[in-house]
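Engineer: My questions will all concern the structure given below.
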Amino acid sequence: MNARIFALIVAMIGMLVASGIPASNGRGAPVPTLSIVSPTPNAVMGNGTPVAVVFAVTNFNLTEPGNGTSSPNSGHVDVFVDGALTAKASVNTIVLALPSGPHTIRLRLVTDNGSALNPDITASVAVMATRGPAGGTPGLSIVFPREGALVGTDSTLSFRVTNFVLVAPGGPAGVPNEGHVQVRLDTARYAELTDDAPLHLNLKDGPHTVTLQLVDNEGGPLNPDVSVSLHLTVQALLGRVTPFDATPYLALANLLIGLGILAAIYRKLEAH
Amino acid sequence: MARAPTRLAPTPSSPGRAAMLGLSVLIGIFLVVVTSPHAAAAGPSLSILAPANDQVIGNGTPLIVSFAVGNFVLVQPGRVGQVASAAEGHVDLYVDGLYSRLLTRVEPVLLPLDSGPHTIRLQLVQDNGTPLSPDVSASVRVVATHGPAVGTPTITIVSPKPGPTIAHDVYFAVEVTNFTLVDSYGQPNASNEGHVQLFLNGVFNQEPRAYDLGFIVDMPDGSNTVTARLVNNDNTPLNPDASASVTIRILGAPDPTGSEQVTGGLSLILALILVVLLLRRRKAARRVSLPNEDP
Numbered sequence: 012m013n014a015r016i017f018a019l020i021v022a023m024i025g026m027l028v029a030s031g032i033p034a035s036n037g038r039g040a041p042v043p044t045l046s047i048v049s050p051t052p053n054a055v056m057g058n059g060t061p062v063a064v065v066f067a068v069t070n071f072n073l074t075e076p077g078n079g080t081s082s083p084n085s086g087h088v089d090v091f092v093d094g095a096l097t098a099k100a101s102v103n104t105i106v107l108a109l110p111s112g113p114h115t116i117r118l119r120l121v122t123d124n125g126s127a128l129n130p131d132i133t134a135s136v137a138v139m140a141t142r143g144p145a146g147g148t149p150g151l152s153i154v155f156p157r158e159g160a161l162v163g164t165d166s167t168l169s170f171r172v173t174n175f176v177l178v179a180p181g182g183p184a185g186v187p188n189e190g191h192v193q194v195r196l197d198t199a200r201y202a203e204l205t206d207d208a209p210l211h212l213n214l215k216d217g218p219h220t221v222t223l224q225l226v227d228n229e230g231g232p233l234n235p236d237v238s239v240s241l242h243l244t245v246q247a248l249l250g251r252v253t254p255f256d257a258t259p260y261l262a263l264a265n266l267l268i269g270l271g272i273l274a275a276i277y278r279k280l281e282a283h
Numbered sequence: 066m067a068r069a070p071t072r073l074a075p076t077p078s079s080p081g082r083a084a085m086l087g088l089s090v091l092i093g094i095f096l097v098v099v100t101s102p103h104a105a106a107a108g109p110s111l112s113i114l115a116p117a118n119d120q121v122i123g124n125g126t127p128l129i130v131s132f133a134v135g136n137f138v139l140v141q142p143g144r145v146g147q148v149a150s151a152a153e154g155h156v157d158l159y160v161d162g163l164y165s166r167l168l169t170r171v172e173p174v175l176l177p178l179d180s181g182p183h184t185i186r187l188q189l190v191q192d193n194g195t196p197l198s199p200d201v202s203a204s205v206r207v208v209a210t211h212g213p214a215v216g217t218p219t220i221t222i223v224s225p226k227p228g229p230t231i232a233h234d235v236y237f238a239v240e241v242t243n244f245t246l247v248d249s250y251g252q253p254n255a256s257n258e259g260h261v262q263l264f265l266n267g268v269f270n271q272e273p274r275a276y277d278l279g280f281i282v283d284m285p286d287g288s289n290t291v292t293a294r295l296v297n298n299d300n301t302p303l304n305p306d307a308s309a310s311v312t313i314r315i316l317g318a319p320d321p322t323g324s325e326q327v328t329g330g331l332s333l334i335l336a337l338i339l340v341v342l343l344l345r346r347r348k349a350a351r352r353v354s355l356p357n358e359d360p
């Protein structure tokens, strides 16, 4: 009896194995995969342009969300930017507008009803967005006035910035090719410039040194440092023409003549 | 003189030769049919419908790429049970050689582009990403600009007007047409886009911010000519040059001639009065002294 029951159990187990019921899902349908083709990890996305994320899937049919067909091998992709659900994608390219700073883009395959696959299938990539150019070495130059120039009390200083975009301070740290300009006058901090409008100077007579320096969003110098200095000499009323005016002298002469007239009249009256 | 008999070419008279001739004709027809372009199955094709080559994409608008695909089925890569085939796949889009988009639908693609020249290339690839053999791709060159796509740039100084002024610090306002002003940070040149340079008496003075006023301070007394010039992003002048000038006369300290004349005239009158008084006094003194001398 025991032998017959044992043989029956063995036969049932054999039938189950043969039927494939205890086999994993992997044997039935291949497990989907997800990978990010573009952008590459730690890519710098320049000029504030949106980021086109291209991803590839295998063994997974991308369908429009909400089409009602729920299957572990079909659905769409949830797109997370810095942990927040940002978009749903049913095509292999999605365009994301990102503010300046480091970002993590994470994609997750989900079924049509939005539930994650089991096991969870995700892919992520870290990128850096900047309003400045993606590449190139920042440059800074003073184009007016020239080194050693003699200027008046009021003057303007024009400068040029290359491969660097001027933005208001306080943005995220570590963003390449964006920041602002710090101005030092005779080693003392003078101004912070967030655009390339000419700098207006109002200086006392004498020699001065103006230094411009590119700094990042936190106010720190770039690496390598980008700065430029200019030596000026200020002279008040430079270029003003002051003509000779004899009026005060003539007025003094009038006064003296008037006194003479008064004296003459007085003497005349006295003589009478 | 005896002539040697001429040997003539043998004529095909046997059945074997006729069969060979017929076979040759059949093979020829077969080869002609096989190599005929009409008989060969048309291969995949890809063409860019828009934009046209070297088209200028103006006003900072995104580029819209329209394309057509023939004899090729666009499908999502990586579908369940997909088998690689040379007749189906997708389109890879590259901007300036960098991979940008994976396209599975024949619909216009919106591409935001920075100012400057760009090359857009589309390529048909199989589901596994390998290019077709032979390669099927199409490319187009465009120039993106924030300025208008057409038109000749002009610049006019609208303020100040030519003539005298007493101010040594003067704002300058310009008006431009067919040109868009952008702040320069080293970006590539693009048509009808750039910034303004101001020159004081022929010497470079400043580059006002885009759509901002120029402000030249502490100008010297006398006539000053200010020239405003449109330049490209790399500070080179446009071709043809677009510039405008205005001459203003800065009046220095007030002219003292008038007050000098008035004061001097008064001095003269007073001096005359004094002289008359002195002469009359002397005459009176002489009159008084004469009677004393008579006795």
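In order, the protein sequences belong to chains P and W. Take any residue in the first sequence, count from 1 to its spot, add 11: that is its number in my numbering. Take any residue in the second sequence, count from 1 to its spot, add 65: that is its number in my numbering. The C-beta atom is built at its ideal place from N, Cα and C for all residues, glycine as well.
(1) Does any residue of chain W bring its CB to less than 8 Å from the CB of ASN70 of chain P?
(2) Could you work out which residues of chain P lie near ALA336 of chain W, taking near to mean beta carbons separated by less than 8 Å?
(3) Could you check whether the Cβ of ASP123 of chain P sits closer than 8 Å to any Cβ belonging to chain W?
(4) At the level of alpha carbons, what is the spacing between LEU204 of chain P and VAL194 of chain P?
(5) Considering Cα atoms alone, identify which of P:PHE66, P:VAL106, P:SER166 and P:VAL121 is closest to PRO285 of chain W.
(6) Indicate whether SER46 of chain P and ALA63 of chain P have their beta-carbon atoms separated by less than 8 Å.
(7) To the nearest angstrom, how far is it from the Cα of PRO232 of chain P to the Cα of GLY181 of chain W?
(8) Does LEU342 of chain W come within less than 8 Å of chain P when only Cβ atoms are used?
(9) Taking C-beta to C-beta, are SER324 of chain W and THR258 of chain P nearer than 8 Å?
(10) Does any residue of chain P bring its CB to less than 8 Å from the CB of ASN243 of chain W?
(11) In this structure, how does DSSP classify LEU337 of chain W when only helix, strand and coil are distinguished?
(12) Could you tell me whether the Cβ of ILE272 of chain P comes closer than 8 Å to any Cβ of chain W?
(13) Residues of chain W with a CB under 9 Å from the CB of LYS279 of chain P: which are they?
(14) Assign THR184 of chain W to buried or exposed, taking buried as 16 or more other Cβ atoms, counted over all protein chains shown, within 10 Å of its Cβ.
(15) To which residues of the same chain is ALA100 of chain P closer than 7 Å at the C-beta, ignoring the five residues directly before and after it?
(16) In this structure, how does DSSP classify ARG144 of chain W when only helix, strand and coil are distinguished?
(17) Would you mind sorting VAL137 of chain W into buried or exposed? The rule is 16 or more other CB atoms within 10 Å of its CB.
(18) Does the beta carbon of ASN53 of chain P come closer than 8 Å to any beta carbon on chain W?
(19) With a cut-off of 8 Å, does the C-beta of ASN103 of chain P fall near any C-beta of chain W?
(20) In whole angstroms, give me the CA-to-CA distance for ILE231 of chain W and ILE313 of chain W.
(21) In whole angstroms, what is the alpha-carbon distance linking ALA336 of chain W and SER354 of chain W?
(22) Listing by chain order, which chain P residues have their CB less than 8 Å from the CB of LEU339 of chain W?
(23) Kindly list, in the order they appear in chain B, the residues whose Cβ is closer than 8 Å to that of GLY147 of chain P.
(24) Tell me TYR236 of chain W's beta-bridge partners as DSSP assigns them.
(25) Excluding the five sequence neighbours on either side, which residues of its own chain have a C-beta within less than 6 Å of the C-beta of ASN298 of chain W, listed in chain order?
(26) Which residue or residues does DSSP assign as beta-bridge partners of VAL90 of chain P?
(27) How about the stretch 216–232 of chain W and the stretch 196–207 of chain W: do they share at least three Cβ pairs that are nearer than 8 Å?
(28) If the cut-off is 8 Å on Cβ atoms, which residues from the stretch 308–332 of chain W count as contacting chain P, listed in chain order?
(29) Between the alpha carbons of VAL239 of chain P and THR44 of chain P, how many angstroms are there, rounded?
(30) Where does TYR260 of chain P sit, in a helix, a strand or coil, going by DSSP?
(31) DSSP three-state label for GLU153 of chain W, please.
(32) Compare the beta carbon distance of LEU241 of chain P and GLY190 of chain P with 8 Å and say whether it is the shorter of the two.
(33) In the DSSP assignment, find the unbroken beta strand (DSSP E) run with GLU203 of chain P in it and report its ends.
(34) Go through its chain and collect everything with a Cβ distance to SER111 of chain P's Cβ below 7 Å, but skip five positions before and after it.
(35) What is the rounded straight-line gap between the Cα of GLN188 of chain W and the Cα of SER131 of chain W?
(36) If contact means a Cβ-Cβ distance below 9 Å, which residues of the stretch 279–308 of chain W contact chain P?
Structural biologist: With the given structure in hand:
(1) Interface residue (Cβ-Cβ distance to chain W less than 8 Å): ASN70 of chain P is classified as such.
(2) Under the 8 Å cutoff, chain P gives ILE268.
(3) False, the Cβ-Cβ gap to chain W never drops below 8 Å.
(4) C-alpha separation (whole angstroms): 8 Å.
(5) Cα-wise, what sits closest to PRO285 of chain W is P:SER166.
(6) Contact flag unset, no.
(7) Between PRO232 of chain P and GLY181 of chain W, the C-alpha separation is close to 30 Å.
(8) With its beta carbon less than 8 Å from one in chain P, LEU342 of chain W belongs to the interface.
(9) THR258 of chain P is positioned such that its CB atom lies closer than 8 Å to that of SER324 of chain W.
(10) No - not a single Cβ of chain P is within 8 Å of the one on ASN243 of chain W.
(11) For LEU337 of chain W, the three-state secondary structure derived from DSSP is helix.
(12) Output row for ILE272 of chain P: interface = yes.
(13) Going along chain W in sequence order, the residues near LYS279 of chain P (Cβ under 9 Å) are LEU342, ARG345, ARG346 and ALA349.
(14) Counting of Cβ neighbours within 10 angstroms places THR184 of chain W among the exposed residues, the total staying below 16.
(15) Correct list, in chain order: HIS87, VAL88 and VAL90.
(16) Here ARG144 of chain W sits in coil by DSSP.
(17) Val is not the amino acid found at residue 137 of chain W; the sequence shown has Phe there. Counting Cβ neighbours within 10 Å, PHE137 of chain W comes out buried, since at least 16 surround it.
(18) No, because no Cβ of chain W sits closer than 8 Å to the Cβ of ASN53 of chain P.
(19) Under the Cβ criterion of 8 Å, ASN103 of chain P is counted among the residues facing chain W.
(20) Near 10 Å, if we compare the C-alpha coordinates of ILE313 of chain W and ILE231 of chain W.
(21) Each residue's Cα considered, the two are about 27 Å apart.
(22) Among the residues of chain P, those whose CB is under 8 Å from the CB of LEU339 of chain W are ILE268, GLY271, ILE272 and ALA275, following chain order.
(23) The chain labelled as chain B is not found among the protein chains of the depicted structure, namely P and W.
(24) Among the bridge pairs identified by DSSP, TYR236 of chain W is matched with W:PHE280.
(25) These residues qualify, in order along the chain: SER249, GLN252, ASN254 and GLY259.
(26) According to DSSP, which records beta bridges pairwise, VAL90 of chain P is partnered with P:ALA98 and P:LEU118.
(27) Here the stretch 216–232 of chain W makes no contact with the stretch 196–207 of chain W; the two share fewer than three CB pairs at distances below 8 Å.
(28) The residues in question are GLY317, ALA318, ASP320, PRO321, SER324, GLU325, THR328, GLY329, LEU331 and SER332.
(29) Rounded to the nearest angstrom, the two C-alpha atoms are 53 Å apart.
(30) Assignment of TYR260 of chain P by DSSP, reduced to helix, strand and coil, places it in the helix class.
(31) The answer is strand: DSSP assigns GLU153 of chain W an E or B state.
(32) Contact check for LEU241 of chain P against GLY190 of chain P fails: the beta carbons are separated by 8 Å or more.
(33) Start and end: 199–204.
(34) Residues of the same chain with a CB within less than 7 Å of the CB of SER111 of chain P, apart from the 5 flanking positions on each side, are ALA140, THR141, ARG142, GLY182, PRO183, VAL186 and GLU189 in chain order.
(35) Roughly 14 Å between the two C-alpha positions.
(36) Taking a C-beta cut-off of 9 Å against chain P, the contacting residues of the stretch 279–308 of chain W are GLY279, PHE280, ILE281, VAL282, ASP283, MET284, PRO285, ASP286, GLY287 and ASN300, listed in chain order.
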